[in-house]
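Structure record follows, encoded as structure tokens.
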Amino acid sequence: MKNAELYKGFSEKQAEHEGWLVERYGGPMRKAVSHAPKLSYEQSNAMSELRDIEQSLASAMEKGIEPEARELDMLVERHHRWVSRMWPQPCTMDAYAGLADTYDHPDFARRYETLAPGLASWLPTAMKAWARRKAA
């Protein structure tokens, strides 16, 4: 599949983000990226749900809840379920923790910092802590 076909219907910035992900994570990410356009109808509702999840996570952070706290488990698990629905393959605990590592990209970090200052580092820590507990 050529890049033009892979990114058909996506903005140039979206294509740039996806290209970075594919370059960094290879074949499995290419499969996930190619799956994304099929979600266009469902994506609107899914993105609304993601906004709700992210706002809840930001609120928890702003309340001073530590990212490793077990009281976040239900909320982080909800985020994991959302991610799992977006991926064409199972989102294992290792994959979820790996996703958290992608949030160091400046565009992801900027996005999360816009939602709430500090969220770009707090959220990956929460994701990894939850994944470690679930994998144990």
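The sequence shown begins at 1 in my numbering and counts up one residue at a time. For glycine and all other residues, C-beta sits at the position ideal for the given N, C-alpha and C. As the structure is a computational prediction, the values presented were derived from the model and not from experiment.
CB of residue i within 7 Å of CB of residue j, strictly
i: Y103; j: P117; result: no
i: R70; j: I53; result: no
i: A32; j: W87; result: yes
i: M74; j: W122; result: no
i: A46; j: A97; result: no
i: V76; j: A126; result: yes
i: A58; j: L21; result: no
Supposed close pair residue i, residue j - CB separation, criterion 8 Å
i: A120; j: A109; result: 4 Å
i: P67; j: A135; result: That pair is no contact at about 17 Å.
i: C91; j: H80; result: 6 Å
Any alpha helix (DSSP H) of 4 or more consecutive residues that is wholly inside the segment 21–78 | 27–35, 40–62
Just list the alpha helix (DSSP H) runs in the segment 92–117, keeping only unbroken ones of 4 residues or longer that don't cross its boundaries, in chain order.
-> 93–102, 106–115
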